[in-house]
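Following: one structure in structure tokens, then a few remarks.
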Amino acid sequence: QGGTVLVTGGAGYIGSHAVLALLDAGWSVVVYDNLSTGFTFLVDPRATLVQGEIEDEARMRATLRDHGVVAIMHFAGSIIVPESVSDPLKYYRNNTVASRSLIESAVATGVKHFIFSSTAATYGMPEIVPVAEDMPKLPINPYGTSKLMTEMMLRDVAAAHDFNYCALRYFNVAGADPQGRSGQSTAGATHLIKIAVEAAIGKRDHVTVFGTDYDTPDGTGVRDYIHVSDLAAAHVDALSLLIDRPGDSHTLNAGYGRGYSVLEVLDAVDRVTNLNIERRLAERRPGDSGTLVADNSRILATLPWRPQRADLDGIVKDALAWERKLTDIRP
Ligand code: UFG
2 QGGTVLVTGG AGYIGSHAVL ALLDAGWSVV VYDNLSTGFT FLVDPRATLV
52 QGEIEDEARM RATLRDHGVV AIMHFAGSII VPESVSDPLK YYRNNTVASR
102 SLIESAVATG VKHFIFSSTA ATYGMPEIVP VAEDMPKLPI NPYGTSKLMT
152 EMMLRDVAAA HDFNYCALRY FNVAGADPQG RSGQSTAGAT HLIKIAVEAA
202 IGKRDHVTVF GTDYDTPDGT GVRDYIHVSD LAAAHVDALS LLIDRPGDSH
252 TLNAGYGRGY SVLEVLDAVD RVTNLNIERR LAERRPGDSG TLVADNSRIL
302 ATLPWRPQRA DLDGIVKDAL AWERKLTDIR P
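The UniProt record's numbering puts the sequence shown at residues 2 to 332.
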């Protein structure tokens, strides 16, 4: 297989890893990114970078046509849950409205395949974990709603047009490219593993543990951490499936189906670094659920994809190596 894939948000954390996976698998890549939160240093030089707005439909359509794009991977969006609560319209614009525009551009230019970055936040606080795709979608914040609305648009467009899609509902994405070509680079991150490796290299002096009274084995929150390179590989497999079976669309949980608590993650960071990073126990963070773990049986049944990097210490090692490298790139 081959051809050109347009990757929105390809200068961001997860998108840049998908770009690497696509290039390594022999695809040509156009990164379409407005660089509002992305970084040019994350874009592999083998890819073509177009700096533009998704809602600039003339620009988008010209890009899709000029490069003969056969599929779109849509990573661009806003992702900060508390911000989505204080500024919901930003989320409906950057996630829902921009996606609507992009899907329309795809249909108008005959791009038939679409892979969408969705989220476990579409489930809200699931009553049953591991959570499966057909369980209730009751998002508890505008971020989750904005992504769920895009899933619904894709469903309806696939029913009406010669177009299929795969929505991947990400669980907790972490780690970095094992070859050190990309990694999480956003300043002021809120994600646990990112914060812990920042502490490990002295960028912070402690890690706060948000909540110790959850109904979990050690009382701290349990999450399904997935290595970003495994997640990127799932996108490449999903792309092949969409092309091979143009009549079918898919919604798939992207997780390993196993959870680690906050304390288990911090133990892993201590183990990998030989440090004793200070933990400060604190109240629950508003809006957090206790346990969020994927039932991943559908993705395993649908794609040839198999987890390659599920080892928690390995995820931490890759995140740590990138954090060190980032200090050289951007002191
Ligand atoms: N946590 C801490 N201390 C920190 C940061 C996080 O204890 O400094 C805890 C959280 O309370 C939670 C766990 O670590 O129990 C993971 O928190 P993250 O902030 O890393 O990730 P979330 O599970 O909150 O969020 C992720 C995605 C969101 C998505 C959400 C629900 O980043 O985009 O899952 O699907 F919306």
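Glycine included, each C-beta is placed from N, C-alpha and C at the ideal position.
Since the structure is predicted, the reported quantities are computational estimates derived from the model, not experimental observations.
Just checking, does the segment 135-149 make contact with the segment 35-43 on the three C-beta pairs under 8 angstroms criterion? Contact between the segment 135-149 and the segment 35-43 is absent, because fewer than three Cβ pairs lie under 8 angstroms.
Same chain, Cβ closer than 6 angstroms to D319, neighbours up to 5 away in sequence not counted: Excluding residues within five positions, the ones whose Cβ falls inside 6 angstroms are G176, A177 and P179.
Return yes when the C-beta of N173 is under 7 angstroms from any heavy atom of the ligand UFG, and no when it is not. In this structure, N173 has its beta carbon less than 7 angstroms from a heavy atom of the ligand UFG.
Between residue 370 and D67, what straight-line distance do the alpha-carbon atoms span, to the nearest angstrom? Residue 370 is absent from the model: the chain starts at 2 and stops at 332.
Using a Cβ-Cβ cutoff of less than 7 angstroms, which residues in the same chain neighbour residue 1 once the five nearest sequence positions on both sides are dropped? Coverage of the chain is limited to positions 2 through 332, which leaves residue 1 absent and any answer about it impossible.
Is the CB-CB distance between V273 and V317 below 8 angstroms? Here V273 is near V317, since their CB atoms are less than 8 angstroms apart.
For T120, does the count of other Cβ atoms within 10 angstroms reach 16, so buried, or fall short, so exposed? Sixteen is the threshold: when 16 or more other Cβ atoms of the shown chains lie within 10 Å of the Cβ of T120, as they do, the residue is buried.
Our contact map puts D296 next to Y257 with C-beta atoms below 8 angstroms; I'd like the distance itself, whole angstroms only. At roughly 11 angstroms, the Cβ-Cβ gap does not stay under 8 angstroms, so D296 and Y257 are not in contact.
In DSSP terms, what H114 is bridged to: Its beta-bridge partners are A72 and N165.
Determine, using beta-carbon pairs with one atom in the segment 259-272 and one in the segment 229-244, whether at least three such pairs fall under 8 angstroms. By the Cβ criterion, the segment 259-272 is not in contact with the segment 229-244, since fewer than three pairs of Cβ atoms, one from each stretch, lie closer than 8 angstroms.
Using 8 angstroms as the threshold, is the C-beta distance between D25 and G11 below it? In this structure, G11 does not lie closer than 8 angstroms to D25 by Cβ.
Is V270 near the ligand UFG, in the sense that its beta carbon is under 7 angstroms from a heavy atom of that ligand? The answer is no for V270.
Is it the case that the CB of H192 approaches a heavy atom of the ligand UFG more closely than 7 angstroms? It does: the Cβ of H192 is within 7 angstroms (strictly closer) of some heavy atom of the ligand UFG.
Kindly list the residues whose CB is nearer than 6 angstroms to the CB of T49, restricted to its own chain and excluding five residues on each side of it in sequence; keep chain order. The residues are V31.
As assigned by DSSP and simplified to three states, the class of R281: Here R281 carries a strand assignment [DSSP, helix/strand/coil].
My parser needs the alpha helix (DSSP H) runs of 4 or more residues fully inside the segment 174-258; what are they? Given a length threshold of 4 residues, each whole run of the alpha helix (DSSP H) inside the segment 174-258 is given here in chain order: 193-201 and 229-245.
Span of the alpha helix (DSSP H) holding L327? Residues L313 to I330.
Give every residue of the same chain whose Cβ lies closer than 6 angstroms to the Cβ of S29, excluding the five residues on either side of it in the sequence, and list them in chain order. The beta carbon of S29 sits closer than 6 angstroms to the beta carbons of T5 from its chain, once the five residues preceding and following it are set aside; these are given in chain order.
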